[in-house]
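Okay, structure first, notes after.
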Amino acid sequence: MKLFVFALFVSFRALANVGDFSLHSDQSLYIVDGDSVSLQMRLADIDTPEIKQKCREHVNRVIDCGRLSKRYLQRLLKSLPGEIAIKPIGIDHYQRILVRIYKGNTNIGKLMVESGMAFSYKDAYQQEEDLAKAEKLGFWGFYTPPIEPYKWRKLNRH
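So that you can map any letter, position 99 of the sequence shown is 114 in the numbering used here, and since no number is skipped, the others follow by simple counting.
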């Protein structure tokens, strides 16, 4: 699954809403400097193209679909009304914190899939993905949509 590494600098008020959680290793922590750390979080239930992953928007136009998905997420978080709420739901096998992010009442991961800018992970939002495909939204309207990120990762391991 395209594993979003999502760094957020949150206000004390927002942090208080996240609740307590513990990590079994320091792999989720990025040390910024001597008194600052950033946490690696992954949006649960979705998979997006990797940053280096390409797709063909038109017959003669190849684009960075991973970067496009990243920019779309950034736009959603800036443009939707309300506060950002982060709901931790677990830890993945890479020791990243699995989260659902809401902006106001909007589930951001679900909206990414509904917009055709993410794949449903483990069928969590399969109906939304099927509808986006049928309506040719986002990537699904491209000449060649991206291959599933987990397949791309297997083909591009170093």
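C-beta atoms are modelled at their ideal positions from N, C-alpha and C, and glycine is treated no differently.
Drop a sphere of 10 angstroms on the beta-carbon of residue i, count the other beta-carbons inside from all chains shown, and report buried for 16 or more, exposed for fewer.
i            : result
glutamate 98 : exposed
serine 26    : At serine 26, the pLDDT of 34 sits below 50, so the modelled position is not reliable and the matter cannot be decided from this model.
arginine 57  : buried
alanine 22   : Because alanine 22 carries a pLDDT of 35, less than 50, the predicted location of this residue cannot be relied on, and no value is offered for it.
alanine 31   : Unreliable positioning characterises alanine 31 in this predicted model, as indicated by a pLDDT of 47, which lies under 50. A coordinate reading is not provided.
glycine 153  : buried
alanine 147  : buried
valine 114   : buried
Can you check which of these residues, the options, is closest to residue i by C-alpha distance?
i              : options                          : result
glutamine 141  : Gly153, Lys125 and Tyr158        : Lys125
serine 94      : Arg71, Tyr165, Phe157 and Lys118 : Lys118
lysine 151     : Gln68, Ser130, Met56 and Arg168  : Ser130
lysine 169     : Trp155, Pro64, Ser135 and His108 : Pro64
valine 74      : Asp60, Lys102 and Gly156         : Gly156
isoleucine 162 : Leu113, Asp79 and Arg111         : Asp79
asparagine 122 : Lys148, Ser53 and Ala100         : Ala100
arginine 82    : Thr159, Gln68 and Ser43          : Gln68
glutamate 144  : Arg172, Val128 and Tyr158        : Val128
Just grab the DSSP bridge partners of residue i for me.
i              : result
glycine 105    : Leu113
aspartate 62   : Phe134
asparagine 122 : Tyr117
tyrosine 45    : Ser53
arginine 71    : Val77 and Thr159
For residue i and residue j, which I take to be in contact (beta-carbon distance under 8 Å), what is that distance rounded to the nearest angstrom?
i            : j            : result
aspartate 62 : tyrosine 109 : With 8 Å as the limit, aspartate 62 and tyrosine 109 do not qualify as a contact, their Cβ atoms being about 14 Å apart.
aspartate 60 : alanine 149  : About 20 Å separates the two Cβ atoms, so there is no contact after all.
Suppose only complete runs of 4+ residues qualify. What are the alpha helix (DSSP H) ranges in the segment 127 to 152, listed by chain order?
141 to 149
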